[in-house]
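What follows is a set of notes on a single structure, which appears directly below.
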Amino acid sequence: MQENGGAIAPHLRRLLEFVEPDRDDVCLDVARGRGPMPAALGPQVRHMTAVDAMPAPVTAPVPAGTDSSSRASGGSRRRMSTVEFGTGPVRIADGDALPASPAATTREERVRHPVGPDGARIRADATALPYRDNTFSLVTARFSLYNLGHPDHVLRELLRVCRPGGRVVIADLVRGNLAGPDRDRIERLRDPDHPGTPTIARLTEMITSAGGSIRRLDVFTVERPVEPWLAGACDDETADRIRVALIDEVDGGPRTGAKPRVIGGELWFTQTWAHVAAEPIS
1 MQENGGAIAP HLRRLLEFVE PDRDDVCLDV ARGRGPMPAA LGPQVRHMTA VDAMPAPVTA
61 PVPAGTDSSS RASGGSRRRM STVEFGTGPV RIADGDALPA SPAATTREER VRHPVGPDGA
121 RIRADATALP YRDNTFSLVT ARFSLYNLGH PDHVLRELLR VCRPGGRVVI ADLVRGNLAG
181 PDRDRIERLR DPDHPGTPTI ARLTEMITSA GGSIRRLDVF TVERPVEPWL AGACDDETAD
241 RIRVALIDEV DGGPRTGAKP RVIGGELWFT QTWAHVAAEP IS
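Numbering (full-length UniProt numbering), first residue to last: 1 to 282.
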C-alpha cells in the first residue's frame with residue numbers, strides 16, 4: 001500500500017500492530033469481497049493467500065471437527081499471554097470501515113489491492129475452506145464473521161486451518177457487556193439483514209466454544225462520519241429516517257445508542273470495535 005503512494009489508515013495500522021505479522025508467517029485472510037488486509041499484510045509475511053468467501057446458508061452442516069494432533073508445547077512465538085484492554089476513542093474519516101464490495105474486480109482495483117507474493121485470490125465457502133488442517137500460522141477475518149455464513153461454523157473453519165501455536169485474529173463490531181441491544185435498532189433499520197452486534201463476552205465465548213483459546217483482546221471506540229455509513233442503507237428514505245433520529249439525539253431527543261455529535265458541521269457517530277487473537281486448542 002505504501003509502495004503505491006498510499007498511507008495505512010490509523011485503524012488499520014492498529015490492527016496490524018495487534019496481529020504482529022512475522023516474516024515466517026504463512027497467512028490466510030478470509031473476507032467477503034476485497035478487504036485491505038492482504039495488501040497490508042502481504043509485504044510483512046512469507047506467503048499470503050486471500051479468500052473471497054461467499055456466504056453459506058445458515059443451515060449449512062457443521063464442517064469436520066478441528067484437528068486432533070497434539071499442540072506444540074511451549075509456543076515459539078513468545079506472543080503476549082495476557083489479556084489487554086485498549087482504550088479509545090479513535091477517530092476515522094475514511095469509508096474503509098466496512099468490507100469492500102465483492103464486485104471490485106477491475107484491473108485497476110486489482111493493482112490497488114494486491115493480494116501478496118503469490119498473487120492468489122481464492123473464492124470459497126468460509127464454512128468449508130479448501131485447505132487441510134494446520135495449514136496456516138496466521139488467519140485473519142476483518143468485519144467478515146457475520147457475513148460469511150453461520151459464525152460458529154466460520155470460526156471452526158478458521159481455527160481448523162490454523163496451526164497449533166499459530167493465531168486467528170478476528171476484527172469486528174461489538175457492544176459493551178453491559179450495553180443494551182438498543183444500538184442495533186438503527187443497524188437493522190439501515191440493513192434489515194443485520195444479524196445484531198454481539199457483546200464482547202459473546203464474541204469471546206463463541207471463539208472458545210469453537211475451539212480457540214483467547215490470547216489477547218483490544219477493545220476501543222471509533223467515531224465515524226455518518227454519511228459514508230448511510231450510503232449502505234437499503235434506500236434513501238431509510239437513510240433519512242436514521243439521519244433525523246441522530247440529529248434529534250444531538251438536539252436532546254431520544255437516545256439511539258450511536259452517541260452522535262456534530263464535528264466541523266458534519267454528523268458523526270460512534271461504534272465499538274474489537275480485535276481478538278486466539279490460538280487453536282487441539
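Backbone N, C-alpha and C define an ideal beta-carbon position, used for all residues, glycine too.
| Hey, out of R156, C162, R224, A233, whose CA is closest to T270's CA? | Distances from the CA of T270 to each of R156, C162, R224, A233 were compared; the closest alpha carbon is that of R224.
| Any idea if I263 is buried or exposed, counting beta-carbon neighbours within 10 angstroms, 16 or more meaning buried? | The residue is exposed, with fewer than 16 neighbouring Cβ atoms inside 10 Å.
| Got a sec, what are the start and stop residues for the alpha helix (DSSP H) A40 sits in? | Counting along the chain, the alpha helix (DSSP H) containing A40 begins and ends at 37–41.
| query | Is H113 buried or exposed, if buried means 16 or more other CB atoms sit within 10 Å of its CB? | reply | Reliability of the predicted coordinates at H113 is poor, the pLDDT of 35 falling under 50, and no value is obtained from them.
| task | Assign S209 to buried or exposed, taking buried as 16 or more other Cβ atoms, counted over all protein chains shown, within 10 Å of its Cβ. | result | Sixteen is the threshold: since fewer than 16 other Cβ atoms of the shown chains lie within 10 Å of the Cβ of S209, the residue is exposed.
| task | Could you have a look at R160 and say whether DSSP puts it in helix, strand or coil? | result | Looking at R160 - three-state DSSP - the assignment turns out to be helix.
| field | Beta-carbon gap between R175 and T272 smaller than 7 Å | value | Yes, they are a contact pair.
| field | Selected residue, minimal CA-CA separation from P192, among V226, G232, R215, T199 | value | The closest CA to that of P192, considering only V226, G232, R215, T199, is found on G232.
| request: Put S213 into one of helix, strand or coil per three-state DSSP. | output: S213 sits in a strand when the DSSP states are folded into three classes.
| Do R167 and E17 have their CB atoms nearer than 7 Å? | Not closer than 7 Å, so no.
| task | Leaving out five residues on either side along the sequence, give the residues of the same chain with a beta carbon under 6 Å from the beta carbon of V276. | result | If we look at V276 and ignore the five residues flanking it on each side, its Cβ neighbours are I170, L217.
| Going by alpha carbons, who is nearest to A40 out of P130, L12, S144? | If we check each option's Cα against that of A40, L12 comes out closest.
| message | With distance defined between alpha-carbon atoms, name the residue in W268, V139, A201, I214 nearest to residue 283. | response | The structure shown has nothing for residue 283, since the chain only spans 1 to 282.
| field | Residue from W229, F136, R46 with nearest C-alpha to D24 | value | That would be R46, whose Cα lies nearest to the Cα of D24.
| task | Note down the Cα distance separating D29 from S144, rounded to an integer number of angstroms. | result | A direct Cα-to-Cα measurement between D29 and S144 gives close to 10 Å.
| query | Which partner residues does V244 have in the DSSP bridge list? | reply | In DSSP, V244 forms no bridge with anything.
| query | What separation, rounded to the nearest whole angstrom, lies between the Cα atoms of R183 and D240? | reply | The straight-line gap from Cα to Cα measures roughly 17 Å.
| query | Taking the alpha carbon of W268 as the point to measure from, which residue in V222, M206, G252, S282 has its own alpha carbon closest? | reply | It is V222 whose Cα lies nearest to the Cα of W268.
| task | Have a look at R185 and V161 and give me their C-alpha separation to the nearest angstrom. | result | Between the C-alpha atoms of R185 and V161 there is a straight-line separation of about 35 Å.
| query | Under a Cβ-count criterion, where at least 16 other Cβ atoms within 10 Å of its own Cβ denotes burial, should R132 be classed as buried or exposed? | reply | Exposed.
| query | Between which two residues does the beta strand (DSSP E) containing F18 stretch? | reply | No beta strand (DSSP E) holds F18; the alpha helix (DSSP H) holding it covers 10–19.
| message | What does DSSP give as the partner residue(s) for P280 in the beta ladder? | response | Answer is G212.
| Based on the DSSP output, what are the partners of R23 in its beta bridges? | Paired residue(s): none; R23 is not in a bridge.
| said: What would DSSP say about residue 285, mapped onto helix, strand or coil? | reply: The chain is shown only over 1 to 282; residue 285 falls outside these bounds and no answer can be derived.
| query | Where does the unbroken alpha helix (DSSP H) through V226 begin, and where does it stop? | reply | Per DSSP, the continuous alpha helix (DSSP H) segment holding V226 begins and ends at 226–230.
| request: Can you give me the start and stop residues for the beta strand (DSSP E) that L138 sits inside? | output: Run containing L138: 136–142, per the beta strand (DSSP E) assignment.
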